[in-house]
Structures are given as C-alpha cells and as structure tokens.
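These notes are about the structure you will find just below.
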C-alpha cells in the first residue's frame, strides 16, 4: 500500500535540474592528494579539539581532534602521513574567514591497515553508540548535526531517511544509492535498532528511478517503507519532509526529535554502516563535481580534507571557462573564494560553472509585489513583506511576521522576477535581531547586576544599621546585666546601705578569706569535707 | 572569481519586463475588439498614451537621478499608458490622454518613489484625475461604428483627436450621433439615465445600444478581455484570486438586487459584460504593486472591488465605477494584508 502523502505548500520546480551527466558515471575514487587540510569545525556545534602535534606521524583513521564537550564531532586522519600544521586555513564557508585546521602531508608509503570487520550483532547497543560517536559522523545532508546526538532512545515514533536530494546538480546520494544500497540499508537497521524506531520511512524523490530500484530491492522484506515523493524543491528540507510524510508541522522553535521523529540522510546511514561494520571513521565522502567548466563531471569518493582545487583539477577544470565555484546546490550553496579550501564532511557538491550557467550580474530591480515569492514559500511566510520591513529597518515587524521561521531555502529568491536577493535580506534581518537580542540580554544582565548591587548596598546598609542596633542593644543589655550583677553580688551592701563602706569592705574580705581557707583545706585533705 | 556572491546562484532571472510585455500582449484581443467596434481612435489613444508615458517616465527618472535607459526597459510605464489609453473615449482630444498619462506617471507613481512604491494604481489615478477635471470630454463616448450615423475613417479619427473636427468639419458631437439622430451614450450611462426617468429594465433594454445581452460592442469587448485574462492566468502572470474576487463581487451583488427587483436592477450578465468590467478584473485590479499581497487578502481585495463597482454603478453618480472602486480598495489593501497574514509553518494552533 502506498504511503499517503500530505504535501507541503509552496516550493518550486527549477527549470534545469542538471543532474546529468554527473549522475551517469559510476563513483570514482580520487587519488591520494599530497596534503590534506582538516577543519576542526565541520559540523554544527563547537569545534573539535586537536590531540596531535605538528610533526607527529598519524595513521589512516587515527583520531586527530576529539569532540568538544556539548555538540561537536571528532576528526580523524583520512590517510597516513605527518601533521604539517595546526592553524588557520581557508575553509569553504560563506563568510570567507579562515578557520582552525590540521594539515597532513600524506605518505604514499606505509600499507593501509586492513579494515577490521566487526559483526555488529556482537556489539552491544552502548558499544555501537560509542563507536558512532567516536567515528565523528555528522549529518551529511548539509546540516552537519552530530549523528550520535540524535540517537536518543526514548519514544522514537518515526525514523525518516532523507534521500530527496532536491537541489539541482547534486547527485551524490543518487549515485550512492545506486551502487551501495545494501550498506545504506544496513546503516538504517543499525540506527533503527539504536532508536528502537516504531516506523521507518525512506523518502526518495521520483526523479531517481534507478536509485529507487536498488533501494527497493535492498529493502525487500524489511520493515523499511520506501516512500516516493514528487520532485519539488525543497522536499528535502527537514520540516517540509516531515510535513509531507506525516502531515504534521514541527512547532516553531522545536526540533522534530521532540515529536519523536528522527531524520537521517542516506549518506549518514552509509557512514554509520562503515563505522560499525568496518570500524572506519568518517574520513571520506561522495562529492558531485559538475558544471560546464569541468571536463569529466561525476561523483568522486573523496578523502575529507582534499583541497577543492585538487579535486577540480582531477575532474578536468577549464580555468578559462570557469566563472564561479559553488559548494552545494545552486539555490542554497555558497560561493568558494579560495580553491585551496578543503572538502569537508558537508561538501556534497561542487559546481564549477561556465559562462552563463549561473546568474551573473543581474541587477535587482524594484519589488513589484507580484507575490510569486508568497506562492513559492514552503513556510507560508510573506517574503515580500519581510523584505520591505527589513529594507526599511523595521526589524520588529519582520520579527512579528516570523522571520525566524524562514528556512532560507531560497525558493522566493529563485522565483523573484525583480531578481532581489531576498535570502540575503533575511539573513541580515536575522543577524540584526540576534544582535539586538544579545544586546538586550546584555542590558538585562547589566540591569540585573546594577539592581543586585543596589540591593547589596541596601542590604549592607541595613545590616550595618542592624548591627549597630544590635550592638547598642547588646551594650544596653550588658549594662543592664552588669547592673543586675552588681545588685546580685552586693545584696548585703544593698541590704545594709547604712553600714559604713569600710565595714562592708571588711565583711567582703572576711568572706573571701574564708573561701580561700576552705579551698586550701579541701586541697590538703580532700576527704575532710566528706568526713565532716 | 573575485566577486563575492551569495545564494541563490541560479534564479528564474530578471523577468519584470517579460511579465509586463506579457500583460501588454494579453490586452491585444480586447484592444482589437474595441477597435473593431469603436474605430481607429482607440489605437491612436493608446499610441499617444504610450508616447506620453515613456516621455514622462524618462523625465521623472532623469530628475530623480536614475537611468532612464535601464529602467524604461521594464515596460511598466508602457503598461500604464496602454491601460489608460484603452479606458478613455476613443475620440477624446489628444491633450486629454497626454495630460492624463503624465499625471498618472508623475502623481500616481514617481511622487511616491517610483516603481513598486505607489499605493495607488497609476492608470486609475490618471483616469480619475481626467474624469473629475474634464468630465465632458471623458464621457463623450461615440456609439459603436455599426450604430453610428457617420462612422469616422482613419484620417477623420486623427483629425478629430488632434483638431476636434473631422476632415469634413464635423465636430465630435456630430460623430456621437446615433443612426436614430440622438446622441449616444454607453449602455451603463443610458441605463442610469433611463432608469431615473422611470423606465423599467425591460423597456430600457429595447434600445439598440444594449446589443445582444449586455450592450452593443461592449459585450464582445468584455469577452475579448476575458479571453486575454485567461491567457494571463494560464501563463501564471496573475493568479485567479483577484479577478475571481472582482467577478464574484459584481455577480453576487447584482444577482441579489436583480432577484429582489428585476425591473429596477440589471442582471448579473449585464454588469459582468458592460463597461470596463473584464478589463478591470484581469488587467487593472491585478496591478500587484497597489493590490493586497497575501493569498487570502487578494481574494477579499478583489471581492471589495467587485462590490464597490456594482454599488457605485447602481447608486453612485458615475456610470462606470472601476477607477473609484480600485482606488478605494487600494486604500484598504495594507489593512487587508494585516488581517490576512497566513499561518506560518510551525505556528498552527494545536487542537
């Protein structure tokens, strides 16, 4: 029985998907590059912490940076070699900023260790979790969420495998499914076992019939339900896929995991299977290399850390034709300014575009409020109103229209007839609101500090006053007490006020002398008193 | 490789000009039908309007320090001109359309900041300006050629627009004579006048100007604009929401009154195919800049225009009411937007 799809609003159907010719060629392994650059931050969360030193020899698969506390993922040496540097290097990010990396001069010598095959049935669940965490696996669909962090056991209703791959050009998952479906399914089973998932859904867009065939074959007589979804961008976006498959919306500000829905990309499932069955950490991935400027477009199995330049050269890049290199798809991808930057765990596609292939110098016109963006928005936002508000600096109004719920899929900017870079406005608006929130928090903290200080001063003042009061009271009490004592100790004197002072003194002296005498007697003859 | 660029790297591209050209192109059936019923004057008015619109737009852009060369190519000014040219009487004097178009571009568009910034539909701003300032010229419609005592030829048309008299010294008023020797009015105008004189709908509609079902010539002009409008929807240049709303508004309100008293209130068919109804629904109300922008809001916006067109036609002082209805709803558009914001993903109220 076919799974009932609920669909999702908006979305676009890009005119040219450009999945061919890259998808037509089998996955090809890239030769070992002379050096590798491993960024410490290839995932969402905190950067990993290096555990090697410059000059140290490392072996393939060796841990070189451990996961930081909290949300983070480990980094491993993808090949044998020597650590050449630990420091800042160009990375594929949209800010163009250099990031902390570990460099490895690779070593062709030295035999690679044979994979140690581990029967996953012999591993306990705890061992499997450990191994997945140790392998540094992150979501390979693009978000880079550490895989192990999503493996919370409690009440997983749905395990969804995301094989939508909805952006144009990208075909690494498609190719992976065509060639390695059994391993993917093995990975799914491991994840399902750890999550104790009630239902497993495998979502694949209908523009990948070959991959679908292989997956359906591998899933035959398993509890995995393969669901074919219509080709529409952005069907692969997590929230939209949940809505499409289950007809529910993930409440704003929450993760799908809070609803008992866990989603993994097919590439992630494959990496999990490698980690469990072959003890192989995440040290390579499939990268689609395509675009008019490369001679041999295709899908390459690339060691993480391979310089983009090396990969492009291997694919036969025409530097005179090259206009732009984009990492990711043409709709959400980022332009790479420095080709020395490495392939990371999140590099699914590299587009080396030729002349006229991607947009070049289309100047934005005025917004004519045509509303095409409203129709395209999968989150049911009002993109043009957000744009107006952000443009005029009315960030609060944009916030009230739920700017935060924009998933930055770029469908609105794709359809905009005025070619307005809408997503950039939203990012700007979001960062402005974020900064303002930070400032507000800071101000709030300062206010709290000030108030706390005021309260402390006030308290100290009160305490001081109280202390004074108490001291005064104490003094008074002491005075009264001493007065009382005086009355107590001088009853005779008080009783006989008329007796001359000197006689009173003599009386007192005789009492004292008598006491001394008693004491001495007691000392010399301790029994005397008892006897007497 | 040096430029810093951000996603998306591929879009559908710069399509404003193509969109405007498509809309202009889709007015062609209506324009052709209008010409076939009312003569060459239609064409000259449209050409004059386009010329005036481009000239005014160029002047305004230069004055504002923008590049006329680049921005004239978006064809928005041409569209404003075309719509205004189609809306005014075909043999009105040349300065009418020229001042009207200039007013529309300057006061309707550039004083608010140009394309995309205007709260009102520029063509309708120009139309209302003309209607209020030059009421006589703006209501001097000639009868359809078939009902005309002396239909003007090509040269006569030019002459009457530019000099006020035809080649053989007939004035515009002479051209307005019907075959029966009476000055002709448009069906909507005639309906109003006749009803005020105590006639019943059935009697009024005996008059030849009423044509087959909604007015000689006008019914076919409306059919042609409807056809052009369908092409616009099919080409996804506009959505059905606004035209659907306008037509529903007119249909529902006219049906209501027609059922209540068919002798005093014309049928929905008459209202839907008279005057500027179809042009308003598909080409004027759909101007995105001044319309509501939310999916639901567009429907209400259209509905409002439809109801207002009917109410002003029936109870107001002007025979056709498109311009006023559109401008009034332009005023309401921001408020409609405010109350029709769609529910954003993840904000659905849980039940």
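Residue numbers (the working numbering), protein chains in the order written: chain A, -4 to 527; chain B, 27 to 377.
Quick reminder that beta carbons are idealized off the backbone N, C-alpha and C, glycines included.
I believe residue i touches residue j by the beta-carbon criterion, under 8 Å. Please report the beta-carbon distance rounded to the nearest angstrom.
{"i": "residue 14/A", "j": "residue 164/A", "result": "7 Å"}
{"i": "residue 265/A", "j": "residue 179/A", "result": "5 Å"}
{"i": "residue 126/B", "j": "residue 156/B", "result": "4 Å"}
{"i": "residue 60/A", "j": "residue 45/A", "result": "5 Å"}
{"i": "residue 352/B", "j": "residue 310/B", "result": "6 Å"}
{"i": "residue 367/B", "j": "residue 396/A", "result": "7 Å"}
{"i": "residue 298/B", "j": "residue 277/B", "result": "6 Å"}
{"i": "residue 64/B", "j": "residue 162/B", "result": "Not a contact, Cβ separation roughly 18 Å."}
{"i": "residue 321/B", "j": "residue 267/B", "result": "7 Å"}
{"i": "residue 49/A", "j": "residue 80/A", "result": "6 Å"}
{"i": "residue 305/B", "j": "residue 334/B", "result": "About 16 Å; that fails the 8 Å criterion."}
{"i": "residue 159/A", "j": "residue 224/A", "result": "7 Å"}
{"i": "residue 142/A", "j": "residue 127/A", "result": "6 Å"}
With DSSP as the reference, please indicate the residues paired to residue i in a beta bridge.
{"i": "residue 280/A", "result": "297/A"}
{"i": "residue 77/A", "result": "52/A and 100/A"}
{"i": "residue 319/A", "result": "348/A"}
{"i": "residue 285/A", "result": "346/A"}
{"i": "residue 61/A", "result": "44/A"}
{"i": "residue 496/A", "result": "In DSSP, residue 496/A forms no bridge with anything."}
{"i": "residue 129/A", "result": "Paired residue(s): none; residue 129/A is not in a bridge."}
{"i": "residue 30/A", "result": "100/A"}
{"i": "residue 23/A", "result": "295/A"}
{"i": "residue 221/A", "result": "197/A"}
{"i": "residue 95/A", "result": "83/A"}
{"i": "residue 390/A", "result": "Bridge partners of residue 390/A: none, in fact."}
Under a CB-based cut-off of 8 Å, is residue i close to chain B?
{"i": "residue 366/A", "result": "yes"}
{"i": "residue 105/A", "result": "Only weak support exists for where residue 105/A lies, its pLDDT of 49 falling under 50; the coordinates are left without a value."}
{"i": "residue 259/A", "result": "no"}
{"i": "residue 360/A", "result": "yes"}
{"i": "residue 282/A", "result": "no"}
{"i": "residue 410/A", "result": "yes"}
{"i": "residue 414/A", "result": "yes"}
{"i": "residue 289/A", "result": "no"}
{"i": "residue 67/A", "result": "no"}
{"i": "residue 330/A", "result": "yes"}
{"i": "residue 325/A", "result": "yes"}
{"i": "residue 315/A", "result": "no"}
{"i": "residue 253/A", "result": "no"}
{"i": "residue 363/A", "result": "yes"}
{"i": "residue 386/A", "result": "no"}
{"i": "residue 568/A", "result": "Residue numbering for chain A in the displayed model covers -4 to 527; residue 568/A lies beyond these limits and cannot be assessed."}
{"i": "residue 397/A", "result": "yes"}
{"i": "residue 166/A", "result": "no"}
Would you please verify whether the beta carbon of residue i is less than 8 Å from any beta carbon of chain A?
{"i": "residue 303/B", "result": "no"}
{"i": "residue 107/B", "result": "no"}
{"i": "residue 93/B", "result": "no"}
{"i": "residue 365/B", "result": "no"}
{"i": "residue 197/B", "result": "no"}
{"i": "residue 370/B", "result": "yes"}
{"i": "residue 35/B", "result": "yes"}
{"i": "residue 319/B", "result": "yes"}
{"i": "residue 90/B", "result": "no"}
{"i": "residue 373/B", "result": "yes"}
{"i": "residue 314/B", "result": "yes"}
{"i": "residue 353/B", "result": "no"}
{"i": "residue 31/B", "result": "yes"}
{"i": "residue 202/B", "result": "no"}
{"i": "residue 39/B", "result": "yes"}
Could you tell me whether the region 284 to 298 of chain A touches the region 265 to 276 of chain A, where touching means 3 or more Cβ pairs closer than 8 Å?
By the Cβ test, the region 284 to 298 of chain A is not in contact with the region 265 to 276 of chain A, since fewer than three Cβ pairs between them sit closer than 8 Å.
Please specify which runs of the alpha helix (DSSP H), each continuous and at least 4 residues long, are wholly inside the region 42 to 77 of chain B, giving them in chain order.
Runs of the alpha helix (DSSP H) lying entirely within the region 42 to 77 of chain B and spanning at least 4 residues, in chain order: 42 to 52 and 54 to 64.
Quick one: complete beta strand (DSSP E) runs, 3+ long, within the region 180 to 219 of chain A?
Qualifying beta strand (DSSP E) stretches, in chain order: 194 to 200.
In chain order, which alpha helix (DSSP H) runs of at least 4 residues are fully inside the region 156 to 223 of chain B?
Listed in chain order, the complete alpha helix (DSSP H) runs (minimum 4 residues) inside the region 156 to 223 of chain B are 161 to 165, 180 to 189, 198 to 201 and 213 to 222.
Evaluate contact between the region 319 to 333 of chain A and the region 498 to 513 of chain A, counting only Cβ atoms and requiring at least three cross-stretch pairs below 8 Å.
No contact exists between the region 319 to 333 of chain A and the region 498 to 513 of chain A.
So does the region 12 to 31 of chain A actually touch the region 291 to 308 of chain A, counting three or more Cβ pairs closer than 8 Å?
Of all C-beta pairs linking the region 12 to 31 of chain A to the region 291 to 308 of chain A, three or more are shorter than 8 Å, placing the two stretches in contact.
Determine, using beta-carbon pairs with one atom in the region 387 to 394 of chain A and one in the region 413 to 430 of chain A, whether at least three such pairs fall under 8 Å.
Flag = yes, the region 387 to 394 of chain A and the region 413 to 430 of chain A touch.
Segment contact flag, the region 168 to 178 of chain A with the region 190 to 197 of chain A, C-beta cutoff 8 Å, min 3 pairs
Between the region 168 to 178 of chain A and the region 190 to 197 of chain A there are fewer than three C-beta pairs closer than 8 Å, too few to call the two in contact.
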